[in-house]
């Protein structure tokens with residue numbers, strides 16, 4: 026648990042919907058940044074369940090990589106204190122430790138955002154299909170991202186949603202990280218990761234779909250709710 030709390034403190038992520046507090050109630054690790062729908066619809070219930078699942082997978086990746094990195098560091102310190110192992114063992118550890126530091130600070134975070142980017146695209150397609158019956162196709166040659174295209178399509182279809190500009194800015198930043206990852210542009214990835222946090226990424230995706238859920242209940246699903254709430258005719 027201590028390792029999990031350390032990762033939560035450093036990266037902000039924690040098990041979805043979980044909360045660990047001090048005796049006075051002050052949060053130590055808070056996973057309630059993932060929204061939980063209060064009204065049932067299969068569309069958003071499944072969507073947020075999958076988001077929780079992805080959040081927990083990415084958090085576990087951070088915890089596991091950090092545990093392995095710490096194990097290597099402890100092993101090296103033990104070797105230095107014991108002075109038993111030869112230089113070859115220390116050379117191997119001196120080679121491995123920086124690799125796992127890089128895995129933790131760059132690779133694991135980048136892959137989490139790549140997965141999150143794909144999740145947003147899947148989630149938007151699910152919303153479009155469930156609300157309007159078909160998934161729109163982006164015109165060939167369009168330079169607009171799939172995320173931007175699907176959001177614009179929802180708006181053009183009549184879904185009146187309001188999303189904070191910072192939320193959209195964070196979500197749109199995923200594309201740059203995914204493209205840099207696909208082309209092996211590690212310097213660009215490190216630079217872009219320095220401007221975002223995994224906690225903000227997951228929280229902003231959660232807020233985006235929470236806004237779309239609210240707009241769905243106020244828009245396309247409103248007539249269904251009103252008709253189902255009417256008393257039966259005498």
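Numbering (the numbering used here), first residue to last: 26 to 259.
Glycine is no exception: its CB is placed at the ideal position from the N, C-alpha and C atoms.
Because the structure is a prediction, the values reported are computed rather than measured.
Next on the checklist: Beta-carbon within less than 6 Å of residue 205's beta-carbon, same chain only, minus the 5 sequence neighbours each way: which residues are those?
Outcome noted: 213 and 214
Next on the checklist: Taking 6 Å as the limit between beta carbons, can you name the residues of its chain near residue 29, skipping five residues before and five after?
Outcome noted: If you ignore the 5 residues before and after residue 29, its C-beta comes within less than 6 Å of the C-beta of 88, all in its own chain and listed in chain order.
Item to check | Distance, residue 146 Cα to residue 244 Cα | outcome: 22 Å
Next on the checklist: Given this structure, state the Cα-to-Cα distance separating residue 231 from residue 57, to the nearest angstrom.
Outcome noted: 10 Å
Item to check | Reduced DSSP secondary structure (H/G/I, E/B, other) of residue 42 | outcome: Three-state result, residue 42: coil.
Checklist entry - At what residues does the alpha helix (DSSP H) containing residue 160 begin and finish? => result Residue 160 -> no alpha helix (DSSP H), and no H or E assigned at all.
Next on the checklist: Distance check for residue 172 and residue 199, CA to CA, integer angstroms please.
Outcome noted: 10 Å
Next on the checklist: So for residue 26, helix, strand or coil by DSSP?
Outcome noted: coil
Item to check | DSSP state of residue 52 mapped onto helix, strand, coil | outcome: Strand.
Next on the checklist: Tell me whether the stretch 233 to 247 and the stretch 65 to 79 touch, counting them as touching only if at least three CB pairs, one residue from each stretch, are closer than 8 Å.
Outcome noted: Cβ pair count under 8 Å is three or more, so yes.
Item to check | Sequence-distant residues of its chain with Cβ nearer than 8 Å to residue 185 (five each side left out) | outcome: 240, 243 and 244
Item to check | Entirely enclosed alpha helix (DSSP H) segments - the stretch 206 to 247, minimum 4 residues | outcome: 211 to 218 and 223 to 243
Checklist entry - With 16 other CB atoms within 10 Å as the buried threshold, where does residue 253 fall? => result A caution first: residue 253 carries a pLDDT of 41, below 50, which makes its placement in the model too unreliable to give a value.
Item to check | Check whether residue 77 and residue 223 have beta carbons under 7 Å apart | outcome: no
Next on the checklist: I need the boundaries of the alpha helix (DSSP H) containing residue 71, first residue and last residue.
Outcome noted: 67 to 107
Item to check | Nonlocal neighbours in the same chain, by C-beta distance under 7 Å from residue 53, ignoring five residues either side | outcome: 30, 45, 46 and 47
Checklist entry - Taking the alpha-carbon positions, what's the residue 18 to residue 144 distance? => result There is no way to answer for residue 18, as the model of the chain reaches only from 26 to 259.
Checklist entry - Straight-line CA distance for residue 258 to residue 165? => result Model confidence at residue 258 stands at a pLDDT of 46, short of 50, so the residue's coordinates are unreliable and nothing is read from them.
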